[in-house]
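Asks: Chains as they are written, first to last, in the working numbering: chain A, 2 to 454; chain B, 551 to 999. Every residue, glycine too, gets a C-beta built ideally from N, C-alpha and C. For clarity, every value in this text was computed on a predicted model and none was experimentally measured. I am attaching a structure below and will ask some questions about it afterwards.
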């Protein structure tokens, strides 16, 4: 129990921090809508929500995550959605701490080593299947390390986990690749278990095809990796001037210092850390992966430093202290459940415009409002929303051209058959449309609804 | 400090290769013009080239770099600029490769492999600016910091010169201080001797025209890099420099993980340089350069078992080889004879339609060229950037993007003409709002109120 109490405590703390966050992710709406449709009519394989790409094939790589998200809403409303987030974040950090505690006896080292992950995952504590992907990533690393240490069951569990992951979120590709790397390293250096490693690697690859999309499951992660949509902030490169960037840079610096100055790290660890470090540099949303992956390494280094500082004095948690900490963790978890939000924060959305929005095709709305409109105005298909990849090319080009009133924007409005514009008053198209005398249907400080001629 | 013939050879090769690159960097022109004024005895301390920030204080942290460029231009025209670039690249590559060779003598394959990331990444900075000279200084600094006390002392005059050439000297100061700290920790006897060395290093950075203000430019670039400029953006793995950088960083981590433990000195160089390299694309070559001796000393030699174990060549042979390479370098002027500015992206044909005097709004990318090509027309903005942040830059973006309220910004500044690209939003909107087209071609349009 002593070994579990620290992970439980930090997990509860992380969950409590996640509970404070409002429900305001721009993508939660279309995830919920897709989950609802999946339960109602089966896997959604073509677009249902827009009028610009209606019927076009859509990615199904998150169907299970969307179903789970919708079920949490169906059971307990928005509180259920928030509770799901609390549970996922708490589980994520608890697994990271548990993984870190596998090699060190010092609780403080475990806590300190988990801090980078706690800080960096704040940015991905969102109400989307993506968060579940991070949890599965942490769980996979835990299993891979134990599998590589000799546990056959842990290795098999990796395959099963990746199989589930491939239906939850497109980040499964990282899990499959890492499993492959670990198995290759194991096969090369642990000859006695070579067949096991080869079997697990092949089985893991095969299980990623056990999805509604089959081999096309790899399309979304491949696209995101090779061609990330840089105009979306979370897909942009890590900027060390931002709080997330500072935390990430510090984590990377600690990693480099750890590997440079400390004892040579085991190749079993290097084969995990190096690819994850590489991936974490490619986009801001990948940054937390590094902190999750290096927690055990940090725990070792911190434990060494603490032992040096305390001249080797041991630091174990006594049974009474352990009981107290476990009770504290339970209390914190209960508090997290109690304070989790029960309604979404809709201040950024044009709720007051809903009654004036025309039904049917023809509404051009801001990208950030697309998902919210899908959920709140189902009778009005959207021009574009956060699902992004199905709009890439002509639709996104026209969206940018219209919203920024660039050359040819009026032709795009006519060609597309736009009937109304729902935008922010300071958007260039709003300014231009009013200059041209287009009729304003409704307006407020935060939105304007304009009828196209 | 002896430089290996192999390093000299590669330096000569790349010196010749870089002469194939055209002269077209938009910042070269304002560097040369600033250097020209300095050469005439009038170091610009206030803004003199624009009409929007006239009289505002400007940085003098690159005054020596600007002067060197102006001297090269004055002495030999554009061939002089090209020759300067070639010599700088020669020095940079030779220093980088020599750093690898000194860490791994008699293993040229390993040395070349270790130097490859540095050559590939620094390639994007082989431009006609003091920045390139700053990279040369950095490479020399890395080389010296691996030496003993004598080499450490030499870093001080190097830092002094560097602080006059380019704002990147700040990293050099940081590395000297880190190196002094590492040596003081490792060498207990007489560790006090590093205190004056560190102190003189700090002092060396203040002995310039700007004094204490010398830190403003470096600090500004580091803390608030202008992200809309591509080279100041964070490294992006989808771009070639970003991909090279990520591979280099992965190699550092892999080498550290799997190879011999790094010394404290190596750690205190690589970690801060890696952090700085993360901040902007233009800083990415620094990590590759700093990591060269680290790579070279730890990477396996693929032909170690096959290598000829004959004794080293006599000194006389090495001397003849070096003399040959130096002589080869002497033929460099032939490669630069036909140097000229590639103006294919600049609006030369539009200049006749651009009115003289204040009031012209120009494209940012053409500002530096414009103040060289038409000095009678002060610019609205150019690549020097910092005299214009934040207000003039914000106004520039409002006008060129035809943002709501752009006309009031134009009126406030008193813009009477615009020199922009036909595809710029303002080019479309201004004509809709009654501005007359005085000139138009595929590159530029001149609009008159």
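Quick one: Cα of residue 62(A) to Cα of residue 170(A), how far?
Replies: Along the first chain, read from residue 1 onward, the residue named residue 62(A) stands at position 61. Along the first chain, read from residue 1 onward, the residue named residue 170(A) stands at position 169. In a straight line, the C-alpha of residue 62(A) is about 6 Å away from that of residue 170(A).
Asks: Quick one: is the Cβ of residue 303(A) within less than 7 Å of any heavy atom of the ligand NAD?
Replies: The ligand NAD is absent from the structure shown, which contains no ligands of any kind.
Asks: I think residue 141(A) touches residue 15(A), with their Cβ atoms under 8 Å apart; what is that distance to the nearest whole Å?
Replies: Taking the first chain and counting its residues from 1, the one referred to as residue 141(A) is at position 140. Taking the first chain and counting its residues from 1, the one referred to as residue 15(A) is at position 14. Not quite, the Cβ-Cβ distance comes to about 19 Å (not below 8 Å), so this is no contact.
Asks: Does any residue of chain A bring its CB to less than 8 Å from the CB of residue 555(B)?
Replies: To locate residue 555(B), count along the second chain from 1; it is residue 5. Answer no: the Cβ-Cβ gap between residue 555(B) and chain A never drops below 8 Å.
Asks: Which residues of chain A have a Cβ atom closer than 8 Å to the Cβ of residue 954(B), listed in chain order?
Replies: Counted from its first residue, the second chain places residue 954(B) at position 404. Near residue 954(B) (Cβ distances below 8 Å), the residues of chain A are 427, 429, 432.
Asks: Return the residues of the segment 3–21 of chain A that lie within a Cβ-Cβ distance of less than 9 Å from chain B, sorted by chain order.
Replies: none
Asks: Of the choices 802(B), 791(B), 932(B), 787(B), whose alpha-carbon is the least far from that of residue 578(B)?
Replies: To locate residue 578(B), count along the second chain from 1; it is residue 28. Minimum Cα distance to residue 578(B) is reached at 932(B).
Asks: For the pair the segment 97–109 of chain A and the segment 292–311 of chain A, tell me if three or more CB-CB distances fall below 8 Å.
Replies: yes
Asks: Kindly indicate which three-state DSSP category residue 729(B) falls into: helix, strand or coil?
Replies: On the second chain, residue 729(B) is found 179 positions in, with the first residue counted as 1. Residue 729(B): helix per DSSP, three-state reduction.
Asks: At 9 Å on the CB atoms, spell out the chain A contacts of residue 975(B), in chain order.
Replies: In the second chain, the residue the question calls residue 975(B) occupies position 425. 405, 406, 407, 408, 429, listed in chain order.
Asks: Within the segment 790–838 of chain B, note down every full alpha helix (DSSP H) run reaching 4 residues or more, in order along the chain.
Replies: 790–808, 814–829
Asks: Given that residue 785(B) touches chain A, what residues does it touch there, using C-beta distances under 8 Å?
Replies: For this step, residue 785(B) is matched to residue 235 along the second chain. Here the neighbours are 238, 282.
Asks: Assuming residue 272(A) and residue 163(A) form a contact by the criterion Cβ under 8 Å, report the distance between their Cβ atoms to the nearest whole angstrom.
Replies: On the first chain, residue 272(A) is found 271 positions in, with the first residue counted as 1. On the first chain, residue 163(A) is found 162 positions in, with the first residue counted as 1. That belief does not hold up - the Cβ atoms of residue 272(A) and residue 163(A) are roughly 17 Å apart, past 8 Å.
Asks: What do you get for residue 940(B), buried or exposed, if any count of 16 or more other CB atoms within 10 angstroms of its CB means buried?
Replies: Here residue 940(B) refers to the residue found at position 390 of the second chain. The residue in question, residue 940(B), is exposed, as its Cβ has fewer than 16 Cβ neighbours within 10 Å.
Asks: Provide the residue(s) that pair with residue 618(B) in DSSP beta bridges, ordered along the chain.
Replies: Here residue 618(B) corresponds to residue number 68 of the second chain, with the count starting at 1. Answer is none; residue 618(B) lacks a bridge partner.
Asks: Show which residues of chain B have a CB atom less than 9 Å away from the CB atom of residue 279(A).
Replies: Taking the first residue of the first chain as position 1, residue 279(A) is located at position 278. Per Cβ cutoff of 9 Å: 787, 796, 797, 799, 800, 803.
Asks: What does the alpha-carbon distance come out to for the pair residue 882(B) and residue 615(B)?
Replies: As a position in the second chain, residue 882(B) is number 332, starting the count at 1. As a position in the second chain, residue 615(B) is number 65, starting the count at 1. If you take the alpha carbons of residue 882(B) and residue 615(B), they lie about 22 Å apart.
Asks: Interface residues of chain B around residue 265(A) at Cβ under 9 Å?
Replies: The residue labelled residue 265(A) in the question sits at position 264 within the first chain. Residues of chain B passing the Cβ test: 806, 807, 808, 809, 810, 811.
Asks: Would you kindly work out how many angstroms separate the C-alpha atoms of residue 681(B) and residue 792(B), rounded to a whole number?
Replies: The count along the second chain starts at 1 and reaches residue 681(B) at position 131. The count along the second chain starts at 1 and reaches residue 792(B) at position 242. Using only the alpha carbons, I get a separation of about 19 Å.
Asks: Strictly by DSSP, which residues pair up with residue 58(A)?
Replies: The residue labelled residue 58(A) in the question sits at position 57 within the first chain. 47(A).
Asks: Using the three-state DSSP reduction, which class does residue 304(A) fall into: helix, strand or coil?
Replies: Here the question's residue 304(A) lines up with position 303 in the first chain. Reduced to three states, the DSSP call for residue 304(A) is helix.
Asks: Would you call residue 749(B) buried or exposed, if buried means 16 or more other Cβ atoms sit within 10 Å of its Cβ?
Replies: Working through the second chain from its first residue, we reach residue 749(B) at position 199. With fewer than 16 other Cβ atoms within 10 Å, it is exposed.
Asks: Just confirm the distance between the C-beta atoms of residue 620(B) and residue 582(B), as a whole number of angstroms; I'd bet it's less than 8 Å.
Replies: On the second chain, position 70 is the one that residue 620(B) refers to. On the second chain, position 32 is the one that residue 582(B) refers to. Contact holds; Cβ gap of about 5 Å.
Asks: Straight-line CA distance for residue 865(B) to residue 179(A)?
Replies: Working through the second chain from its first residue, we reach residue 865(B) at position 315. Working through the first chain from its first residue, we reach residue 179(A) at position 178. Confidence at residue 865(B) is low in this model, with a pLDDT of 47, below 50, so its placement is unreliable and the value that follows should be read with caution. Separation of residue 865(B) and residue 179(A) (C-alpha to C-alpha, rounded to the nearest whole angstrom) is 52 Å.
Asks: By Cβ distance, which residues of its chain are closer than 8 Å to residue 966(B), with the 5 residues on each side in sequence left out?
Replies: The residue labelled residue 966(B) in the question sits at position 416 within the second chain. Hits under 8 Å: 905, 909, 910, 998, 999.
Asks: Whose C-beta lies closer than 8 Å to the C-beta of residue 133(A) among residues of the same chain, with five residues either side of it excluded?
Replies: By 1-based counting over the first chain, the position of residue 133(A) is 132. Closer than 8 Å at Cβ, skipping near neighbours: 66, 69, 89, 169, 170.
Asks: Residues of chain A with CB closer than 7 Å to the CB of residue 978(B), please, in chain order.
Replies: The residue given as residue 978(B) occupies position 428 in the second chain. Chain A residues near residue 978(B): 408.
Asks: If you draw a straight line from the alpha carbon of residue 249(A) to that of residue 84(A), how long is it in whole angstroms?
Replies: Position 248 of the first chain, counting from 1, holds the residue named residue 249(A). Position 83 of the first chain, counting from 1, holds the residue named residue 84(A). Their backbone Cα atoms lie some 27 Å apart in a straight line.
Asks: Taking only the alpha-carbon atoms, compute the straight-line gap between residue 928(B) and residue 991(B) and give it to the nearest angstrom.
Replies: Taking the second chain and counting its residues from 1, one reaches residue 928(B) at position 378. Taking the second chain and counting its residues from 1, one reaches residue 991(B) at position 441. Approximately 22 Å between the Cα atoms of the pair.
Asks: Would DSSP call residue 319(A) helix, strand or coil?
Replies: Locating residue 319(A) in the first chain gives position 318, where the first residue counts as 1. In this structure, residue 319(A) counts as coil in the three-state DSSP scheme.
Asks: For residue 828(B), would you say it is in contact with chain A, using Cβ-to-Cβ distances shorter than 8 Å as the test?
Replies: Within the second chain, residue 828(B) is the residue found at index 278, counting from 1. By the rule that beta-carbons nearer than 8 Å mark a contact, residue 828(B) touches chain A.
Asks: When the Cα atoms are used, what is the spatial distance from residue 416(A) to residue 389(A)?
Replies: Counting from 1 along the first chain, the entry for residue 416(A) is found at position 415. Counting from 1 along the first chain, the entry for residue 389(A) is found at position 388. Roughly 21 Å separates the two Cα atoms.
Asks: Leaving out five residues on either side along the sequence, give the residues of the same chain with a beta carbon under 7 Å from the beta carbon of residue 960(B).
Replies: Working through the second chain from its first residue, we reach residue 960(B) at position 410. Taking residue 960(B) as the centre and dropping the five residues before and after it, the same chain places the C-beta of 949 closer than 7 Å to its C-beta, in chain order.
Asks: Looking at the C-beta of residue 260(A), does it have a partner C-beta in chain B at a distance below 8 Å?
Replies: Taking the first chain and counting its residues from 1, the one referred to as residue 260(A) is at position 259. It does; some Cβ of chain B falls within 8 Å.
Asks: Compute the Euclidean distance between the alpha carbons of residue 1005(B) and residue 396(A), then round it to the nearest angstrom.
Replies: Summary: the structure shown does not reach residue 1005(B), with chain B confined to residues 551 through 999, and so no result is reported for it.
Asks: Under a three-way DSSP split, which group does residue 586(B) fall into?
Replies: Stepping through the second chain from its first residue, residue 586(B) is reached at position 36. DSSP places residue 586(B) in helix when its eight states are reduced to three.
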